[in-house]
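Chains as they are written, first to last, in this note's numbering: chain A, 10 to 232; chain B, 10 to 232.
2 protein chains.
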Amino acid sequence: MDQGSPARRGPKRSADRGAVLAEALALVDAGGLPALTMRALASRVGLTPGALYTYFPDRAAIVAALVDHLLAEADTAPLLDGALPWQERLTRFALGLREVLLRHPGAVPAMLAGPFTGPVALTVGERMLHALGDAGLKPGDAARASYTVMVYVLGAIALEAAEITPGAPAAPEADRVAERRAAFGHLDPAAYPLTHAAADTMAAYVSTGQFRWGLERLLTGLA
Amino acid sequence: MDQGSPARRGPKRSADRGAVLAEALALVDAGGLPALTMRALASRVGLTPGALYTYFPDRAAIVAALVDHLLAEADTAPLLDGALPWQERLTRFALGLREVLLRHPGAVPAMLAGPFTGPVALTVGERMLHALGDAGLKPGDAARASYTVMVYVLGAIALEAAEITPGAPAAPEADRVAERRAAFGHLDPAAYPLTHAAADTMAAYVSTGQFRWGLERLLTGLA
DNA sequence: ACCTGAACACCGTTCAAGT
DNA sequence: ACCTGAACACCGTTCAAGT
Numbered sequence: 010m011d012q013g014s015p016a017r018r019g020p021k022r023s024a025d026r027g028a029v030l031a032e033a034l035a036l037v038d039a040g041g042l043p044a045l046t047m048r049a050l051a052s053r054v055g056l057t058p059g060a061l062y063t064y065f066p067d068r069a070a071i072v073a074a075l076v077d078h079l080l081a082e083a084d085t086a087p088l089l090d091g092a093l094p095w096q097e098r099l100t101r102f103a104l105g106l107r108e109v110l111l112r113h114p115g116a117v118p119a120m121l122a123g124p125f126t127g128p129v130a131l132t133v134g135e136r137m138l139h140a141l142g143d144a145g146l147k148p149g150d151a152a153r154a155s156y157t158v159m160v161y162v163l164g165a166i167a168l169e170a171a172e173i174t175p176g177a178p179a180a181p182e183a184d185r186v187a188e189r190r191a192a193f194g195h196l197d198p199a200a201y202p203l204t205h206a207a208a209d210t211m212a213a214y215v216s217t218g219q220f221r222w223g224l225e226r227l228l229t230g231l232a
Numbered sequence: 010m011d012q013g014s015p016a017r018r019g020p021k022r023s024a025d026r027g028a029v030l031a032e033a034l035a036l037v038d039a040g041g042l043p044a045l046t047m048r049a050l051a052s053r054v055g056l057t058p059g060a061l062y063t064y065f066p067d068r069a070a071i072v073a074a075l076v077d078h079l080l081a082e083a084d085t086a087p088l089l090d091g092a093l094p095w096q097e098r099l100t101r102f103a104l105g106l107r108e109v110l111l112r113h114p115g116a117v118p119a120m121l122a123g124p125f126t127g128p129v130a131l132t133v134g135e136r137m138l139h140a141l142g143d144a145g146l147k148p149g150d151a152a153r154a155s156y157t158v159m160v161y162v163l164g165a166i167a168l169e170a171a172e173i174t175p176g177a178p179a180a181p182e183a184d185r186v187a188e189r190r191a192a193f194g195h196l197d198p199a200a201y202p203l204t205h206a207a208a209d210t211m212a213a214y215v216s217t218g219q220f221r222w223g224l225e226r227l228l229t230g231l232a
């Protein structure tokens, strides 16, 4: 007997890589990267810590797979949309990536910490080059521009994510700005006069508006 | 004998905060942030792990102080130099900060992970606002521009630092570029045609030239 | 105030042994 | 191939006790 489906004999009973990754993401969302321990992860999946090494060679591989998974969640379709001007294509992709990553702020440090290789990152890069192909840049400059955009986007997301406590119930943008504004209130105006005068604007650094403002100027400079 | 300086009775024998931080930096330089353990640090300073809690409330405070110390190493004087055009002031500061941080790549993730507050960060921000005061921007836009520049600079440094193995004997830029170029050699040209064509440029992403190229375009867009 | 020694409650990873 | 149970070599932090 046992001539049914060749791959599986019945309903999925044991864990697979996907299930491990899903639980890993849940842990990181709840408590950041430090909360992703092999023991907590194993218990969530219903395994012994040692059993996890059947699916991943070590903890670092789980983190890397998590990063890849999140990057893949960002929609690259706008980059390929020939009906849009190239600036709009890059902007839509950037906003989408920011939205995905700010929903998982605990994972963002891992995104910036690893080398940006892997098939998903390559695909994103390739499609950014495609979008920049219509910008009238020389081929070499299109690549340089693509990297510059990625640097801005990831840098902005990292600084924003750093101010979001993982696990807390996803404070809306307005609340995060208000909290920053309050912190600037305790500032010595004599020591930091320009900062004091610009406090309202600086409080709004962690906003979609600021993100778009900077990206727009950058794209203008790249054109 | 031994009636010299009132503060110290003899040659420095016990540790102070500065000594702890210096040894902490040495550990991070040698093995990245994971190498900074309370036990390794205590042994380097000549103390028991528990004694470190006399100087810092916990490990996170040591990392935060380290980040502050490194940021303070960057020379902000160019930002205040009224003899230079504002673009040049920002560029010199950015290049200096990059140089400092790439000498300590293991500490860079901590720089991007924490909220960018603290007196040193405030001073840097204040002086960037000063430099941008001569750029002809409205006050609010000067602040937005200052943040945009910081996002670019820190993002670029983070992606570069991620490709430097801490402890290894500081590979020169040319070697790092060559290593990337070799990795692009194994790429499938059919799957990633644009990437394949731009491989030489992309290999040089982690270079002073690319850093300056992107910063120059950004500053152009901000003007 | 500063430090030691020892403990507590954790870690990631390995591995013989089982199915 | 997949998993358990147990162990090994670590962690950060606390705290009574000493000076």
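Note that beta-carbon positions come from the ideal geometry of N, C-alpha and C, so glycine has one too.
| Check | Outcome |
| --- | --- |
| Would you say residue 8 of chain A faces chain B, with C-beta separation under 9 Å as the test? | This structure does not reach residue 8 of chain A, given that chain A is present from 10 up to 232, and the question cannot be answered. |
| Tell me the rounded alpha-carbon separation between residue 139 of chain B and residue 94 of chain B. | 12 Å |
| How about residue 117 of chain B and residue 166 of chain B: are their beta carbons less than 9 Å apart? | yes |
| Can you give me, in chain order, the residues of the stretch 153-178 of chain B that have a beta carbon less than 7 Å from any beta carbon in chain A? | 153, 156, 157, 160, 161, 163, 164, 165, 167, 168, 171, 172 |
| Helix, strand or coil for residue 85 of chain B? Go by DSSP, reduced to three states. | coil |
| Below 7 Å CB to CB, which residues in the same chain sit around residue 98 of chain A once its five sequence neighbours on both sides are set aside? | 87, 88, 90, 140 |
| Would you give the residue range spanned by the alpha helix (DSSP H) that residue 128 of chain A belongs to? | 128-141 |
| Name the chain A residues that come within less than 7 Å of residue 206 of chain B, Cβ to Cβ? | 148 |
| Under 9 Å between beta-carbons, which chain B residues line up against residue 210 of chain A? List them in chain order, please. | 148, 149, 150, 151, 152, 153, 156 |
| Is the beta carbon of residue 175 of chain A sitting closer than 9 Å to the one on residue 29 of chain A? | no |
| Evaluate the contact criterion for the stretch 195-214 of chain B versus the stretch 198-210 of chain A: three or more CB pairs, one atom per stretch, below 8 Å. | no |
| Output the distance between the C-alpha atoms of residue 147 of chain B and residue 82 of chain A, rounded to the nearest integer angstrom. | 38 Å |
| Using 9 Å as the limit for Cβ to Cβ distance, is residue 230 of chain B near chain A? | yes |
| Mind checking the stretch 59-84 of chain A against chain B and listing, in chain order, the residues whose C-beta falls within less than 8 Å of any C-beta there? | none |
| Cβ of residue 198 of chain A less than 9 Å from any chain B Cβ? | no |
| What residue range does the alpha helix (DSSP H) around residue 205 of chain A cover? | 202-206 |
| If we require 4 or more residues per run, which alpha helix (DSSP H) segments fall completely within the stretch 18-75 of chain A? | 26-40, 47-54 |
| Taking only three categories from DSSP, how would you classify residue 105 of chain B? | helix |
| Whole angstroms are fine: how far does the CA of residue 77 of chain A sit from the CA of residue 127 of chain A? | 8 Å |
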